[in-house]
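The structure appears right after this line, and notes come after that.
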Amino acid sequence: MADPRHGRATIGGVRLAEIYTYPIKGGYRRAQAEAVVEPWGLAGDRRWLVTDPGGRFLSQRQDPAMALVRPEADPEGLLLRAPGQPDLRVPVPRGAADSQVTVWQSTVAATPAGPDADAWLGGVLGRPVRLAYGDDPTRRPVKPAHSRPGDVVSFADSCPVTVANAASLDALNAWLTGAGQDPVPVTRFRPNLVVADAPAWAEDGWVGRRLAVGSAVFRAVKPAGRCLVVDTDQETGVRRGGVLRTLAGRRTRDREILFAVHLIPDGPGRVAVGDRVTVR
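Heads up: the sequence shown runs through residues 1 to 280, numbered per full-length UniProt numbering.
Quick look at the structure:
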């Protein structure tokens, strides 16, 4: 891995190049020019969750076809779209948060979206599922090993925000093409923020420090461990091996395959494409 001092020496010209949110955990992304930063993540990010009938979360790990679920979010709810399915408007549910949903080791209360949304998603995924809304995103704490008391996260895997480095993707794509494989876009890694003009793997040196972006400040708390989702084409939902195996050969530490870095907001703020990124 890169020497952390390398990142410290060259961080000055880094800028924010892309912003993404994912209204439904595991669903398609929404590209944005700017975003509000809330304590639990970017506004609107992963506030909706697909579960099995028992309330256990589903993701592209089990169902690559979730990449075909293309939600458009607004303050009133979601417009669900997918190939071969009629569009469905799902309003933000106003009922009681009387469902229990589980994301990894966290079980929290959430509000059911209703049978129409459940049936629509079941038609896409080919199995019985439920859709729930995280009406109160402060219910789920971040794991203590990487957080402070009061840190919370919506339905993201572990931390509120993930940042990827465009130069690191270029390095990975050089490895892939050198092995006769196709390059991949950064969307394979489902980041919230993508930075440009940093050296490849400079982000290794950001862990344990703070990133200032726009009016927001984030703590970089740990590298992002990767799974077979990175082998799923986010446009087609088709999974084909190669990316995870290539990363595993060069970017494994403590039995985790690493790409990108997890962040926790220090407080509210706003970020926009073009913002300068500084590391403190």
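Idealized CB from N, CA, C, for every residue including glycine.
> How about I24 and V69: do their beta carbons lie closer than 8 angstroms?
Replying inline: Yes, the pair counts as a contact, with Cβ atoms nearer than the cut-off.
> Can you tell me whether DSSP reads N173 as helix, strand or coil?
Replying inline: N173 carries a helical assignment under DSSP once its states are collapsed to helix, strand and coil.
> Mind checking A260: buried by the 16 CB within 10 Å criterion, or exposed?
Replying inline: A260 comes out buried.
> By a C-beta neighbour count over all protein chains shown, 10 Å radius and 16 as the cutoff for buried, is W206 buried or exposed?
Replying inline: Classification of W206: buried, given that the 10 Å Cβ count is 16 or more.
> Mind checking E203: buried by the 16 CB within 10 Å criterion, or exposed?
Replying inline: Residue burial is scored here from C-beta neighbours: E203 has at least 16 other C-beta atoms within 10 angstroms and is therefore classed as buried.
> Which whole runs of the beta strand (DSSP E) in the region 96-151 are 3 residues long or more, in chain order?
Replying inline: Fully enclosed beta strand (DSSP E) runs of 3 or longer: 99-103, 106-112 and 130-133.
>> Output needed for D136: all residues of its chain with C-beta closer than 8 angstroms, excluding positions within five of it in sequence on either side, in chain order.
In response: Within the same chain, D136 has close Cβ partners A97 and A109.
> What number of angstroms, rounded off, separates the C-alpha of T236 from the C-alpha of V90?
Replying inline: Roughly 23 angstroms separates the two Cα atoms.
> Which residue from H146, R81, S99 and S59 puts its Cα closest to that of G208?
Replying inline: Looking at the Cα atoms, H146 is the closest of the given residues.
> What are the boundary residues of the beta strand (DSSP E) that includes V36?
Replying inline: Counted as a single uninterrupted DSSP element, the beta strand (DSSP E) harbouring V36 occupies residues E34 to E38.
>> If distances are taken between C-alpha atoms only, which option among G178, Q32 and E38 comes closest to T246?
In response: Of the candidates G178, Q32 and E38, the one whose C-alpha sits nearest the C-alpha of T246 is G178.
> Who does V50 pair with in a DSSP beta bridge?
Replying inline: Partner(s): L131.
> Quick one: Cα of V142 to Cα of A82, how far?
Replying inline: Taking the straight line joining both Cα atoms gives about 32 angstroms.
> With F189 and D266 assumed to form a contact (beta carbons below 8 angstroms), what rounded beta-carbon distance in angstroms separates them?
Replying inline: Wrong, their Cβ atoms sit about 24 angstroms apart, outside the cutoff.
>> As a quick exercise: from G123, R270 and V129, pick the residue whose alpha carbon is nearest that of L58.
In response: Answer by Cα proximity: V129.
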